[in-house]
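Asks:
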Amino acid sequence: SGMTACCSKVICRGCSHANEIREAEGKLQHKCAFCREPTPTKEEADKYQKKRIEANDPYAIYRKGAEQYKKGDYYGAFEYYTKAAELGDVEVHYRLAGMYEHGEGVEK
Numbered sequence: 001s002g003m004t005a006c007c008s009k010v011i012c013r014g015c016s017h018a019n020e021i022r023e024a025e026g027k028l029q030h031k032c033a034f035c036r037e038p039t040p041t042k043e044e045a046d047k048y049q050k051k052r053i054e055a056n057d058p059y060a061i062y063r064k065g066a067e068q069y070k071k072g073d074y075y076g077a078f079e080y081y082t083k084a085a086e087l088g089d090v091e092v093h094y095r096l097a098g099m100y101e102h103g104e105g106v107e108k
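Number 59 in UniProt numbering belongs to position 59 of the sequence shown; there are no gaps in the numbering.
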């Protein structure tokens, strides 16, 4: 699943893919399946994500942690993941467990 940048809704990959197919078949502009806003640029998406993080949106914080993890910044990822867990994101506990298991950003 992923978070839409425009309205911060979580959408599964299957639903996102179905929306893309519908748009392609109808030769439609790509828009959010929820709010119907056009797909934001990378800069706009980053701005929206920052806004959601500042609002303590646990899923946005989790996604930021995932970005840090992909970059190899395990300490940064751990901080974001921990905050997301404290705010109630359930999925992030699995990520934190893996970091503890492998000693990534935290002592093993």
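A virtual CB, placed ideally from N, CA and C, is assigned to each residue, including glycine. It should be emphasised that the depicted structure is a prediction, and the values quoted were computed from it without experimental measurement.
Can you give the Cα-Cα distance for L87 and E104, rounded to whole angstroms?
Replies: Residue 87 sits at position 87 when you count from the first residue of the sequence shown. Residue 104 sits at position 104 when you count from the first residue of the sequence shown. L87 and E104: Cα-Cα distance of roughly 22 Å.
Asks: Would you identify the three-state DSSP class for V10, choosing helix, strand or coil?
Replies: Here the question's residue 10 lines up with position 10 in the sequence shown. Correct three-state label for V10: strand.
Asks: Looking only at its chain, what residues have a beta carbon closer than 8 Å to the beta carbon of S1, apart from the 5 residues adjacent to it on each side?
Replies: Residue numbering aside, residue 1 sits at position 1 when the sequence shown is read from its first letter. Correct list, in chain order: V10, I11, C12, R13.
Asks: Could you tell me which residues DSSP pairs with M3 in its beta bridges?
Replies: For the purposes of this step, residue 3 is taken as residue 3 along the sequence shown, with counting starting at 1. V10, per the DSSP bridge assignment.
Asks: How is P38 classed by DSSP in three states: helix, strand or coil?
Replies: Counted from its first residue, the sequence shown places residue 38 at position 38. Three-state result, P38: strand.
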